[in-house]
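In this note's numbering, the protein residues as written are 27 to 393. Even glycine gets a Cβ: it sits at the ideal position worked out from N, Cα and C. Everything on this sheet refers to the single structure shown next.
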């Protein structure tokens with residue numbers, strides 16, 4: 027039940043893509059539906075996964091589309107992107123071990139070349155919640171060392187082209203990377219990663235309204251500093267019960283290069299309760315036990331869409347008294363500016379392809 031609450035909270039918090047100022051407006055035209063099918067493979071990023079994969083993956087999506095038309099200045103900056111919600115279903119390379127995945131997600135699709143109402147090449151980012159029909163069970167499914175819970179997060183990134191056939195019907199095709207895992211809320215949690223190609227049809231119910239052009243604001247306060255505290259939970263292994271607290275204190279310096287984004291450098295102070303199992307200082311309280319802390323330095327980029335930012339960091343540990351899974355770590359997720367000075371954080375910290383924990387946090391912005 028605890029895992030279920032965590033994952034449901036994750037997808038609900040993802041809806042800034044779908045509702046960022048949009049439900050407050052009167053919906054006008056610009057709605058559509060898309061279906062596509064795909065074919066691909068599971069990436070064998072661990073030996074325990076490689077030997078269980080027996081088949082390719084076949085995917086299916088259906089999406090509700092909402093076209094933007096410029097009532098927010100970031101619509102213009104990103105060539106009037108689409109956003110919406112979708113449903114995804116796929117097999118996972120071995121029906122007996124992994125079963126099938128069903129996901130509900132929110133997404134944004136941003137043209138790279140062309141605009142959304144014409145022929146274009148776009149990138150798309152999606153995230154939400156997924157349900158995997160087969161997970162690890164020490165008696166009934168011990169071969170599944172990738173997924174420890176039925177409920178998981180869903181992250182998807184891809185490139186997609188659109189070719190209009192009529193005013194309302196278009197052909198779409200693309201390639202995508204799909205990841206499902208539970209953020210180590212329950213072990214095992216190596217996660218499953220798939221690469222697939224897809225083809226589909228887009229049908230717009232009516233024409234997109236005439237697009238507005240707003241005066242773009244000036245870039246003020248190009249230099250920005252943020253301090254974020256985020257916490258989460260994780261498990262150690264499939265054989266050991268119990269949840270452990272983990273947290274991140276994140277300091278970032280960001281430099282805005284345009285209204286669309288900013289580059290940054292930062293430092294992280296991590297606390298990981300699972301390190302107690304490897305510490306020789308167990309007589310100390312967890313809060314003052316140095317073995318439970320790590321320090322890292324990272325570089326990053328934020329892709330900004332109004333008050334919402336897609337965050338990506340890559341870092342390396344400079345202090346780690348207890349051996350970590352990898353010398354480098356990454357962070358991907360969302361930050362939302364609630365006020366001019368306050369932000370919320372929802373990111374996934376990982377080591378290579380393995381999730382460490384989900385970082386739920388709040389922060390303050392300094393200029």
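Sort the options by Cα distance to residue i and report the nearest one.
i	options	result
residue 61	69, 245, 90	90
residue 244	99, 180, 139	99
residue 390	188, 376, 378, 362	362
residue 154	393, 183, 213, 56	183
residue 4	297, 285, 188, 284	Residue 4 lies beyond the range of the chain shown here (27 to 393); nothing can be said about it.
residue 216	392, 382, 148	382
residue 169	269, 142, 189, 120	120
residue 242	171, 375, 286, 131	286
residue 3	57, 373, 318	Nothing in the structure corresponds to residue 3, since the chain is present only between 27 and 393.
residue 365	156, 333, 377	333
How far does the beta strand (DSSP E) with residue i in it reach, from first residue to last?
i	result
residue 303	It is not in any beta strand (DSSP E) - residue 303 carries neither H nor E in the DSSP assignment.
residue 352	Careful: residue 352 lies outside any beta strand (DSSP E) and carries neither H nor E.
residue 258	249-260
residue 60	57-68
residue 120	Counting along the chain, residue 120 falls outside any beta strand (DSSP E), and DSSP gives it neither H nor E.
residue 278	270-284
residue 147	146-158
residue 385	380-392
residue 374	368-377
residue 164	Residue 164 -> no beta strand (DSSP E), and no H or E assigned at all.
residue 137	126-139
residue 205	195-207
residue 229	218-230
Let me know the secondary structure DSSP gives residue i once reduced to three states.
i	result
residue 312	helix
residue 99	helix
residue 52	Interpretation of residue 52 is limited by its pLDDT of 42, a score under 50 that renders its predicted location unreliable; no figure is taken from the coordinates.
residue 299	helix
residue 294	strand
residue 47	Residue confidence for residue 47 is low, a pLDDT of 44 falling below 50, so the modelled location carries little weight and cannot support an answer.
residue 182	strand
residue 317	helix
residue 82	coil
residue 335	strand
How many angstroms separate the CA atom of residue i from the CA atom of residue j?
i	j	result
residue 354	residue 192	49 angstroms
residue 150	residue 213	29 angstroms
residue 203	residue 346	31 angstroms
residue 33	residue 167	Only weak support is given to the placement of residue 33: the predicted model assigns it a pLDDT of 45, under 50, and the question is left unresolved by the model.
residue 187	residue 387	35 angstroms
residue 360	residue 278	15 angstroms
residue 369	residue 147	32 angstroms
residue 50	residue 190	Confidence is the limiting factor: at residue 50 the pLDDT is only 38, short of 50, which leaves the residue's position unreliable and the question unanswerable from this model.
residue 247	residue 393	6 angstroms
residue 87	residue 135	15 angstroms
residue 69	residue 126	16 angstroms
residue 64	residue 84	6 angstroms
residue 195	residue 82	30 angstroms
May I ask which residues mark the beginning and end of the alpha helix (DSSP H) holding residue i?
i	result
residue 76	73-76
(request) Inspect the CB distances between the region 168-186 and the region 194-211 and report whether three or more fall short of 8 angstroms. (result) Contact between the region 168-186 and the region 194-211 is present, because at least three Cβ pairs lie under 8 angstroms.
(request) Could you tell me whether the region 105-121 touches the region 287-304, using the rule of 3 or more Cβ pairs below 8 angstroms? (result) They do not touch, by the three-pair rule.
(message) Tell me whether the region 230-239 and the region 71-87 touch, counting them as touching only if at least three CB pairs, one residue from each stretch, are closer than 8 angstroms.
(response) In this structure the region 230-239 does not touch the region 71-87; the number of beta carbon pairs closer than 8 angstroms is below three.
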